[in-house]
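Chains as they are written, first to last, in my numbering: chain Y, 19 to 342; chain V, 19 to 342; chain D, 42 to 413; chain X, 42 to 413. Ideal placement from N, C-alpha and C gives every residue a C-beta, glycine not left out. One structure below.
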Amino acid sequence: MPTLTLLQAVNSALMDEMAEDENVVVLGEDVGLNGGVFRATEGLQAKYGENRCFDTPLAESGIIGTAVGMAVYGLRPVPEIQFSDFIYPAFDQIVSEAAKMRYRSGGEFTCPMVIRTPSGGGIRGGHYHSQSPEAYFAHTPGLKVVMPATPYDAKGLLISAIRDDDPVLFFEPKRIYRSIKQDVPEGAYEVPIGKARVAREGTDCTVVTWGAMVETCEKAAKQAEEKGISMEIIDLRSLVPLDEEAFLESVRKTGRCVVASEAPRICGFASEVAAIVSEKAIESLEAPVLRVTGFDTPFPYSLEHVYMPDAKRVLAAVEHAVNF
Amino acid sequence: MPTLTLLQAVNSALMDEMAEDENVVVLGEDVGLNGGVFRATEGLQAKYGENRCFDTPLAESGIIGTAVGMAVYGLRPVPEIQFSDFIYPAFDQIVSEAAKMRYRSGGEFTCPMVIRTPSGGGIRGGHYHSQSPEAYFAHTPGLKVVMPATPYDAKGLLISAIRDDDPVLFFEPKRIYRSIKQDVPEGAYEVPIGKARVAREGTDCTVVTWGAMVETCEKAAKQAEEKGISMEIIDLRSLVPLDEEAFLESVRKTGRCVVASEAPRICGFASEVAAIVSEKAIESLEAPVLRVTGFDTPFPYSLEHVYMPDAKRVLAAVEHAVNF
Amino acid sequence: MSQEMLTVLETKKRGKPALPKGVDDDLVRRMYRLMLTTRLMDDRAMRLQRQGRIGFYVPSIGQEACAVGSAAVMTDEDWCFPSYREPGAALTLGADLQAIVHEWYGNAADNTKGRQMPVHYSFKAQRFVSISSPIGTQIVQGAGAAMAMKIRGKKAFSITYFGDGATSSNDFHTGLNFAAVYKSPCIFFCSNNQWAISCPLSQQTASESIAVKAQAYGMPGVRVDGNDVLAVYQATSEAAERARAGEGPTLIEGLTFRIGPHSSSDDPTRYRPSEQLEEWQAKDPIARLEAFMKKAGLWEDAFGEPLVEEINASIAEAVKVAEETAMPASATLFDDVYADLPAHLAEQRDRLLQQEKTAGAAEMDADAAFPL
Amino acid sequence: MSQEMLTVLETKKRGKPALPKGVDDDLVRRMYRLMLTTRLMDDRAMRLQRQGRIGFYVPSIGQEACAVGSAAVMTDEDWCFPSYREPGAALTLGADLQAIVHEWYGNAADNTKGRQMPVHYSFKAQRFVSISSPIGTQIVQGAGAAMAMKIRGKKAFSITYFGDGATSSNDFHTGLNFAAVYKSPCIFFCSNNQWAISCPLSQQTASESIAVKAQAYGMPGVRVDGNDVLAVYQATSEAAERARAGEGPTLIEGLTFRIGPHSSSDDPTRYRPSEQLEEWQAKDPIARLEAFMKKAGLWEDAFGEPLVEEINASIAEAVKVAEETAMPASATLFDDVYADLPAHLAEQRDRLLQQEKTAGAAEMDADAAFPL
Ligand SMILES: Cc1ncc(C[n+]2csc(CCOP(=O)(O)OP(=O)(O)O)c2C)c(N)n1
Ligand SMILES: Cc1ncc(C[n+]2csc(CCOP(=O)(O)OP(=O)(O)O)c2C)c(N)n1
Ligand SMILES: [Mg+2]
Ligand SMILES: [Mg+2]
């Protein structure tokens with residue numbers, strides 16, 4: 019089995035699904051000859067031709083808008099938004115159109131597509147190359163929202179997303195694009211959307227997280243272990259649909275819950291998890307539900323490392339919960 | 019003191035502030051001669067001329083984008099988005115530009131403007147004339163988010179918003195545009211942004227809400243009273259900045275918390291309130307924090323009355339909390 | 042860019058006027074019938090709205106030639122991305138009158154399941170794509186569908202309808218630009234009715250015409266008399282030929298006028314000069330076609346009152362059936378958000394149904410009415 | 042629309058070449074110096090980036106004439122809405138070299154307080170509005186500022202800079218449309234360097250030129266040799282006159298070429314034919330101005346190596362000062378989100394400072410590097 023980075027796993031999923039289903043087409047800025055600015059689409063145009071993998075004019079609303087038209091017509095477009103910070107010009111097409119197409123047409127027209135986009139901080143990209151906008155889409159009925167934390171999941175979830183009959187926002191944690199390697203099977207396999215993963219078992223405190231923060235929490239868990247605290251880490255993998263039972267069960271066991279996310283705190287997905295826990299597991303709680311998140315400021319440049327929740331901040335919250 | 023509807027109170031605030039400060043300009047679709055499709059801007063063009071109140075081409079991104087330019091230059095634009103459902107084409111200008119202008123320029127450039135927009139359901143407007151998108155903006159650092167529930171507050175909050183040095187999203191609950199009347203002072207006055215209001219005092223259960231849902235909750239409170247339950251209603255008035263203490267204090271008193279909002283549940287502002295309560299008042303809680311919200315489906319047409327949280331649904335949650 | 046405008050109906054030539062390529066006598070009669078049906082539907086729906094029997098309506102009175110003349114060019118392979126002012130296109134493509142009327146009522150038989158306001162039709166069998174309210178969004182989608190046709194190697198085209206106001210939208214710009222760059226087989230049909238609610242064309246754009254905007258994208262732009270159904274047919278059919286031949290997209294501007302209010306909630310007397318209305322009432326596309334048909338010997342007596350009565354009777358029957366049809370059940374709220382029902386929606390549905398059992402169903406607010 | 046292009050530098054006339062209206066000998070010398078400074082800043086910054094001393098850089102090598110020639114037209118009343126490829130405009134408007142270099146380092150003396158990546162300048166005193174990364178957003182803002190000038194009755198204009206890729210953006214469309222409808226005093230300056238990262242112009246638009254797009258908005262469109270600083274000055278100054286006279290906006294296309302990579306993270310050899318690069322290297326705007334100055338008798342010996350050395354020395358000094366300046370303090374993270382610090386940010390700040398005390402400051406990830 020080849021050992022792949024998360025980025026290579028994404029590329030491998032695209033390679034396989036384009037071979038599998040000729041309705042799958044890839045479009046976006048610089049995805050063709052250049053293979054994407056991160057090289058996620060490298061080799062696709064050479065292999066499948068300009069008809070199936072092509073560059074677009076510089077307009078995210080056009081990328082998504084045309085993808086909606088293609089999907090309605092019967093293709094399975096996989097548009098790339100170069101950085102998730104640049105998804106906002108396409109917000110209307112995603113929220114008003116892709117998300118509502120099936121519902122508003124009484125199920126007559128559908129919009130199967132996967133919007134792939136690198137997200138999150140940690141690459142010294144400042145304001146506009148670092149945001150974690152997943153909550154905007156989680157708040158929008160009709161969309162699915164997926165974020166892998168490992169190469170294996172990246173490939174399997176992306177394949178599931180492409181085969182899914184509804185629009186999926188697929189956020190790729192770019193900070194760990196190349197830093198984690200894992201055995202990844204050749205050929206297609208699915209990791210089901212809507213099923214969380216216990217990234218680490220533990221008994222004292224549940225930490226719910228997703229994307230690149232899984233790695234940060236794993237770091238914190240090692241430090242916690244040294245202090246005699248056993249952290250259980252739930253990697254959500256998909257925010258919508260959400261595997262509530264996975265973390266509720268864990269919280270019922272540990273009695274404590276910390277939610278960790280890079281995004282700003284107010285109305286972030288961490289708040290959603292906290293709200294669910296406080297509704298459905300309150301009797302098991304022995305401490306407040308704590309959120310470790312990005313600050314409610316725009317994403318900075320020089321102080322990126324201060325802004326982003328690190329293992330220290332996660333650990334501090336876990337200790338606070340455990341010692342409550 | 020004249021008795022005004024919420025709509026007239028909005029109009030009165032605009033009339034007064036345009037007289038007060040010649041930097042205040044109003045722009046949007048149909049806001050000029052036609053006075054806005056709801057008539058909120060009626061008479062402004064006649065009084066202040068086409069230079070200060072004018073129609074725009076049909077492009078929300080243009081309305082907000084030009085308003086950003088005007089604000090950066092030194093005006094205080096008050097753009098209208100005809101329905102908040104149509105704000106999405108302007109999402110990029112709001113989230114990437116208006117929200118970040120002060121921060122990214124180290125405080126050199128600022129963007130004082132008020133985006134007025136009718137929001138919420140209850141007018142039989144279906145998908146695209148009924149949404150409650152406030153959470154998207156609450157999740158965006160750099161923006162303030164305000165929603166009045168009464169004519170008095172509508173005028174005072176709008177005046178505060180216009181005088182505020184930062185961009186404010188001002189959501190007007192269109193369902194109660196004309197249905198509630200109240201004494202509203204002539205002349206300018208401010209209702210401070212960031213200060214909640216106890217809409218009704220009570221002892222058994224705190225209900226946190228905002229906008230048109232305040233009225234719904236008041237209806238529920240009367241029904242609860244008949245059943246011997248005393249509901250305390252906190253009208254947030256502004257979501258960002260948030261008056262946490264107002265509802266935390268109430269929850270510490272009642273031991274119960276229900277949050278009511280029209281918007282979809284996942285990552286809605288109700289989740290944020292629930293998360294704060296579960297972090298900061300968990301020891302006072304005698305029941306789970308419950309959310310009464312719109313369903314996580316697009317807003318429907320024929321079944322609007324089923325979709326929208328009504329007094330019955332609020333009451334059911336309150337009873338559940340009280341009997342927990 | 043010349044400002045010339047294609048007109049066919051009122052030829053200066055004597056004798057029996059010639060028909061554009063592809064149009065035969067039957068098609069002329071069919072288009073007449075379709076335009077008349079559209080008009081009578083509008084009349085009836087506006088009255089139903091005034092009577093409070095349906096909640097909202099958008100008439101297309103005066104613009105029937107744009108929708109019917111262009112849609113008549115389409116075959117079974119072509120797709121239509123309409124705005125709310127193209128019921129004429131839906132009829133032309135074969136949409137069922139009863140299905141249209143069910144949609145006004147948003148009842149259980151409505152194939153959009155009562156999910157949207159009246160006139161937001163969806164007819165999959167007719168490749169008439171679900172209409173949304175946000176202005177302009179369909180333009181770039183139409184371009185996308187055409188790109189898909191090209192990718193699949195189809196000899197077909199998409200046609201996208203929109204108003205003059207929509208030319209200001211983001212999606213007009215990206216739609217036309219993407220289409221031109223990929224030379225996609227699409228037709229952008231702007232029904233320039235010269236108003237966007239209360240805003241006249243001069244507040245929308247400073248360009249000489251809508252058609253001239255095509256130059257910004259390197260595609261042909263054509264201006265056609267939008268109240269001349271034959272001219273509309275001809276321009277569309279030429280664009281369709283170009284599209285099928287791989288020569289790329291065309292922008293067509295149909296110059297027409299919105300005779301009625303913007304919608305059932307609008308009062309145009311607040312903002313619109315009455316002379317302009319009168320000028321355009323004199324150019325009624327149905328009357329002009331009638332005159333042409335008489336001159337061309339295509340008119341039959343049955344096209345007068347008897348046809349009006351026949352169509353009205355079928356509309357009345359459809360209204361009756363729609364009014365007898367139940368509203369959608371509460372549980373349907375949760376269908377079609379996704380292909381499958383996820384757990385959180387199942388939970389929300391079950392809680393709602395439970396509550397309906399214990400506390401009774403939610404009540405409709407009788408006062409609620411759409412203000413715009 | 043003609044495809045002709047305004048050029049001034051290489052006149053066919055014999056004798057001392059004439060200068061465009063408004064340009065005197067001093068201005069020519071000033072523009073030369075500004076273009077050279079821009080070039081030398083780029084050279085130095087790219088080296089600093091390669092050495093890992095700054096995190097990222099965007100050079101504008103080859104495009105200096107567009108920025109300098111156009112900004113030279115501006116007065117103290119005019120506002121500039123730049124993209125990231127106009128450091129030349131910042132210098133022309135009087136931005137301080139030291140301030141520019143501080144920004145590369147994002148240190149405590151940077152007037153954007155280290156909040157943005159390198160080259161995202163903000164110079165309020167120069168009316169050089171804060172640059173953002175999203176492509177195109179400044180275009181409609183420039184139109185808005187011009188509307189504000191008109192509302193205030195100022196005889197001034199805004200100038201907005203953007204690339205060829207940006208013409209595909211939503212904000213290009215709405216910016217030009219709004220400006221034309223309101224006849225606002227603005228200049229839209231497209232530095233058409235023929236590439237948007239790896240995408241050539243032909244994948245961006247099928248139009249004959251960028252300038253022709255002006256017709257879609259009913260405004261004049263001008264194409265100018267973007268490597269000819271005098272031609273750029275002349276075209277901009279004519280547009281400025283129109284703007285000040287109340288005659289509305291102009292679109293200027295400066296045809297130029299991106300000699301360097303898109304940014305310090307890009308490798309153009311992956312996608313760009315070397316012949317095209319060579320062709321354009323031969324049209325270097327600084328060399329062309331030098332030749333002109335020699336022909337016009339404006340060249341002085343001091344413009345050669347001594348000037349290069351002088352400028353390099355001041356850049357080196359600025360770099361030294363910047364490197365000796367501390368980074369912004371953690372607490373500054375929470376400033377300028379709003380005019381005042383709201384309670385939730387005060388709480389977040391206090392918690393952070395508390396934690397820095399107990400657990401130590403957060404560490405920078407030494408591996409983090411901008412990949413694009
Ligand atoms: C994005 C968006 N903004 C605003 C509206 C409100 N609105 C509905 S129709 C309309 C005018 C449309 O004018 P035009 O495109 O000319 O079409 P017409 O109604 O004349 O057919 C407006 C502003 C909307 N539906 N969508
Ligand atoms: C909205 C948006 N999408 C994508 C990007 C990524 N990106 C940065 S620069 C660039 C190309 C810009 O090309 P052009 O407008 O021609 O300017 P140039 O870089 O050539 O000066 C792209 C795609 C971005 N910054 N913003
Ligand atoms: Mg119109
Ligand atoms: Mg370029």
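If you compare alpha carbons, which of the options is closest to residue i?
i, options, result
"residue 40 of chain Y", "Y/222, Y/156 and Y/32", "Y/32"
"residue 291 of chain Y", "Y/98, Y/226, Y/60 and Y/134", "Y/226"
"residue 85 of chain X", "X/400, X/309 and X/353", "X/353"
"residue 366 of chain X", "X/328, X/260 and X/149", "X/149"
"residue 132 of chain Y", "Y/150, Y/124, Y/165 and Y/206", "Y/165"
"residue 221 of chain Y", "Y/256, Y/255 and Y/273", "Y/273"
"residue 396 of chain X", "X/372, X/249 and X/140", "X/372"
"residue 53 of chain D", "D/129, D/189 and D/336", "D/336"
"residue 69 of chain X", "X/133, X/45 and X/94", "X/133"
"residue 56 of chain Y", "Y/149, Y/206 and Y/134", "Y/134"
"residue 79 of chain V", "V/100, V/318 and V/67", "V/100"
"residue 275 of chain V", "V/283, V/105 and V/300", "V/300"
"residue 291 of chain X", "X/325, X/275, X/299 and X/228", "X/228"
Please classify residue i as buried or exposed, where buried requires at least 16 other C-beta atoms within 10 Å of its C-beta.
i, result
"residue 92 of chain Y", "exposed"
"residue 45 of chain Y", "buried"
"residue 244 of chain Y", "exposed"
"residue 392 of chain D", "exposed"
"residue 224 of chain D", "buried"
"residue 43 of chain D", "A caution first: residue 43 of chain D carries a pLDDT of 47, below 50, which makes its placement in the model unreliable, though a value can still be read off. Under this definition residue 43 of chain D is an exposed residue."
"residue 256 of chain X", "buried"
"residue 399 of chain D", "exposed"
Tell me where the alpha helix (DSSP H) around residue i begins and ends.
i, result
"residue 64 of chain D", "No alpha helix (DSSP H) holds residue 64 of chain D; DSSP gives it neither H nor E."
"residue 119 of chain V", "119-122"
"residue 268 of chain Y", "262-272"
"residue 109 of chain X", "105-112"
Whose C-beta lies closer than 8 Å to the C-beta of residue i among residues of the same chain, with five residues either side of it excluded?
i, result
"residue 97 of chain X", "90, 158, 159, 160, 304, 305, 306 and 411"
Sorted by chain position, which residues of the same chain lie with C-beta nearer than 6 Å to residue i's C-beta, five sequence neighbours on each side aside?
i, result
"residue 311 of chain X", "none"
"residue 199 of chain Y", "21 and 23"
Under the DSSP definition of a beta bridge, which residues are partnered with residue i?
i, result
"residue 43 of chain V", "V/95"
"residue 202 of chain X", "X/230"
"residue 187 of chain V", "V/133 and V/163"
"residue 308 of chain D", "Residue 308 of chain D pairs with nothing; no bridge assigned."
Quick one: residues in its chain with C-beta nearer than 7 Å to the C-beta of residue i, no 5 flanking neighbours on either side, listed in chain order?
i, result
"residue 241 of chain Y", "329 and 333"
Which residue marks the beginning of the beta strand (DSSP E) containing residue i, and which one marks its end?
i, result
"residue 321 of chain D", "No beta strand (DSSP E) holds residue 321 of chain D; the alpha helix (DSSP H) holding it covers 315-322."
"residue 21 of chain Y", "21-23"
"residue 238 of chain D", "Element bounds for residue 238 of chain D: n/a, residue is neither H nor E."
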